[in-house]
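Per our numbering, the sequence shown starts with residue 20, numbered consecutively.
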Amino acid sequence: MQSSGSFPHILVLFLSTNVALAQISTAPEGRANRYLESIRRQPSLVLAFLREMPKGGDLHNHLGGSIYAEELIDYAVRDNLCLDQSTRTVVPGPCESCGKQASKPAVECGYRDPELYNSMIDAWSMRNWHPGQESGHDHFFASFSKFGLAMRKHTAEAIAAAMERAAADHLEYVELMHTFGGSAAAEVGARTGWNPDFAVMREQFLGGGIKEVVAAARQELDSNEHAIQEKLACQNPARPPACQVGVRYLYQVQRGLPPPQVFAQILTGFELASVDPRVTGLNLVMPEDFYVPMHDFHLHMKMLDFLHSIYPNVHISLHAGELAMGLVPPEGLGFHIRESIELGHAERIGHGVDVMNEGKPLELLKEMARRNVLVEICLTSNDVILGVRGDEHPFPIYRKYGVPVALATDDEGVSRSDMTHEYLRAAKTYGLSYLDLKGMARESLEHGFLPGASFWADIIAKRPVGACLSDRSESSGGLSVACRRFLQTSEKARLEWKLEQDFSTFEKRF
Ligand SMILES: [Zn+2]
20 MQSSGSFPHI LVLFLSTNVA LAQISTAPEG RANRYLESIR RQPSLVLAFL REMPKGGDLH
80 NHLGGSIYAE ELIDYAVRDN LCLDQSTRTV VPGPCESCGK QASKPAVECG YRDPELYNSM
140 IDAWSMRNWH PGQESGHDHF FASFSKFGLA MRKHTAEAIA AAMERAAADH LEYVELMHTF
200 GGSAAAEVGA RTGWNPDFAV MREQFLGGGI KEVVAAARQE LDSNEHAIQE KLACQNPARP
260 PACQVGVRYL YQVQRGLPPP QVFAQILTGF ELASVDPRVT GLNLVMPEDF YVPMHDFHLH
320 MKMLDFLHSI YPNVHISLHA GELAMGLVPP EGLGFHIRES IELGHAERIG HGVDVMNEGK
380 PLELLKEMAR RNVLVEICLT SNDVILGVRG DEHPFPIYRK YGVPVALATD DEGVSRSDMT
440 HEYLRAAKTY GLSYLDLKGM ARESLEHGFL PGASFWADII AKRPVGACLS DRSESSGGLS
500 VACRRFLQTS EKARLEWKLE QDFSTFEKRF
């Protein structure tokens with residue numbers, strides 16, 4: 020590690036050269052980069068480095084999968100819920116009294132029974148999952164219905180927990196996927212029924228209850244916001260780090276439901292995101308390999324295409340290509356990513372693991388780079404669910420073809436991971452440098468669905484917009500008037516500027 024003593028010298032040199040393009044001083048980042056190379060063979064030191072490194076945004080984070088089982092147990096205990104011992108599923112009371120013979124003990128019994136406690140954690144997450152004996156895919160997806168009841172009344176607490184974890188990972192921003200109103204939108208779809216004319220169906224659904232579902236979702240957002248502020252003590256003048264994490268939501272559509280329900284949820288996502296700035300877009304979730312998402316894939320994309328034409332400003336990110344050879348027939352691997360972009364209007368793709376099985380994959384990669392479609396890379400999730408890791412993962416191919424990428428956690432609670440470990444995995448497996456990781460952190464905010472113009476005129480060349488060309492993140496002085504004015508107009512740029520400042524603070528240590 021080098022001392023920071025050379026920093027003023029570098030700054031003087033920098034000022035004297037007066038090169039307009041080199042707005043972000045490269046000297047401290049060079050030292051941070053060299054430090055990471057010097058410790059690369061000592062994973063414990065790499066972990067400590069990456070823990071503290073600013074990481075931008077987590078763009079792919081399901082609220083329902085973000086909570087660790089230990090916290091879910093606490094939720095269930097507070098709600099006096101029980102455990103069905105045969106399936107390790109949380110069920111409503113009344114519960115049987117604690118004891119080895121109980122088939123439906125209170126979840127609380129786990130506090131005094133290590134075997135019971137451990138069995139819940141193992142069933143509700145990938146902890147102690149045994150590859151070879153059990154499918155990671157099945158164990159992973161089965162866990163959600165097992166702990167689902169424990170989550171039901173604790174949305175605000177779960178969001179607060181996700182914010183605290185994001186702050187601990189030094190993230191500036193997180194986009195959480197959540198189905199506001201639970202099954203309410205789907206119920207409108209089921210009740211109102213299918214109409215092959217999407218325009219007519221939209222009107223019928225809006226009149227049949229979707230407007231009310233959206234209004235209730237906004238109330239839910241209000242009350243969550245209030246509860247989160249209280250839980251995290253955000254009124255405290257010291258403002259805990261979790262309160263400083265930017266949060267936005269994506270409405271989560273359950274694409275394994277029948278068509279009317281899926282249409283109703285997609286419509287709800289578009290409606291909600293067009294009236295409430297806290298919800299910036301939508302995403303389609305549930306196992307992509309299941310019968311309905313495979314069978315109805317094209318239909319879902321047509322729904323998105325139609326509704327996108329009515330709500331063009333609502334952002335769309337889509338799970339696509341969370342598939343692998345053998346999981347579905349080969350022809351099922353061939354088109355989901357391309358169709359999500361070309362017909363579903365996805366600005367970002369979640370996973371994109373099977374991209375090399377798509378028709379004309381190299382052309383698709385070039386198209387993604389040209390259209391600036393970012394791939395949310397979920398390395399741990401892809402390993403445990405799909406068994407895809409190392410050089411079988413297309414992550415380096417996306418980078419090679421200039422497709423923007425950002426690391427994401429997917430379901431950090433169920434996967435027993437966090438963003439720091441996603442960075443660690445990327446750095447170790449793919450030999451990424453600090454500069455590579457820093458570039459991905461920048462891309463994550465650049466592709467976050469935040470309102471406003473970007474801080475960057477050219478993110479690759481690291482050239483800020485004209486208003487901020489003379490402002491340097493490591494400078495202790497104030498911003499120029501022009502840059503301050505610009506940042507006031509854009510939440511995205513403000514967060515990107517904060518990231519630059521956080522990088523600067525981090526890099527000064529080296
Ligand atoms: Zn996901």
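Beta carbons are placed, not taken as given, at the ideal position from N, Cα and C, and that holds for glycine.
L78 counts as buried, since no fewer than 16 other beta carbons sit within 10 angstroms of its beta carbon. Straight across, the Cα-Cα distance linking S434 with S105 is about 23 angstroms. Pairing L518 with H314, the inter-Cα distance amounts to about 42 angstroms. Put simply, the backbone Cα of L69 is about 12 angstroms away from that of Y54. Two segments are said to touch when three or more pairs of C-beta atoms, one from each, lie closer than 8 angstroms; by this definition the segment 56-64 does not touch the segment 122-135. Distances taken from the Cβ of V304 to the heavy atoms of ligand 1 include one shorter than 7 angstroms. Measuring C-alpha to C-alpha distances from G226 to each of E441, A186, E290 identifies E290 as the nearest. Look at C101 here: in three-state DSSP terms it is strand.
The segment 352-376 is shown to contain whole alpha helix (DSSP H) runs of 4 or more residues at 355-361, in chain order. With contacts defined by Cβ atoms closer than 8 angstroms, C397 and H370 form a contacting pair. Given a length threshold of 4 residues, each whole run of the alpha helix (DSSP H) inside the segment 106-191 is given here in chain order: 133-142, 155-170, 174-187.
Counted as a single uninterrupted DSSP element, the alpha helix (DSSP H) harbouring T448 occupies residues 438-449. G288 and P215 have their alpha carbons spaced roughly 20 angstroms apart. The Cβ atoms of G340 and I368 lie closer than 8 angstroms to each other. Here the distance from the Cβ of H173 to the nearest heavy atom of ligand 1 is not below 7 angstroms.
Contact between the segment 186-199 and the segment 429-444 is established, with three or more Cβ pairs separated by less than 8 angstroms.
DSSP places E395 in the strand class (E or B) of the three-state scheme. In the three-state scheme derived from DSSP, where H, G and I count as helix and E and B as strand, P413 is classed as coil. Residue environment analysis places W475 among the buried positions, since at least 16 neighbouring C-beta atoms fall within 10 angstroms of its C-beta. In this structure, DSSP gives V333 a state outside helix and strand, which the three-state scheme calls coil.
Apart from sequence neighbours up to five positions away, the residues of its chain that approach L276 with a beta-carbon distance below 6 angstroms are A205, ordered along the chain. With contacts defined by Cβ atoms closer than 8 angstroms, I478 and E465 form a contacting pair. By the neighbour-count definition (other C-beta atoms within 10 Å, threshold 16), R258 is an exposed residue. At least one heavy atom of ligand 1 lies less than 7 angstroms from the C-beta of H79. Going by beta carbons, E90 and I140 fall outside the 8 angstroms limit.
In terms of Cα proximity to A283, the closest of R513, G208, A445, G49 is G208. For A252, no beta strand (DSSP E) encloses it, and the DSSP letter there is neither H nor E. Beta-bridge partners assigned by DSSP to W475: P483. Ligand 1 has no heavy atom closer than 7 angstroms to the beta-carbon of H319. The shortest C-alpha to C-alpha distance from I329 to any of K172, R97, F217 is the one to F217. Nearest to Q273 by C-alpha distance, out of V281, R267, V266, is V281.
For G288, the shortest C-beta to heavy atom distance toward ligand 1 is 7 angstroms or greater.
DSSP places T428 outside both helix and strand once states are collapsed to three, so it counts as coil.
Using a cutoff of 7 angstroms, the CB of G208 does not count as near ligand 1, since none of the ligand's heavy atoms is closer than that. The alpha helix (DSSP H) runs of length 4 or more contained entirely in the segment 194-223 are, from start to end of the chain, 203-211. With contacts defined as CB atoms closer than 8 angstroms, Y268 and T198 fail to qualify as a contacting pair.
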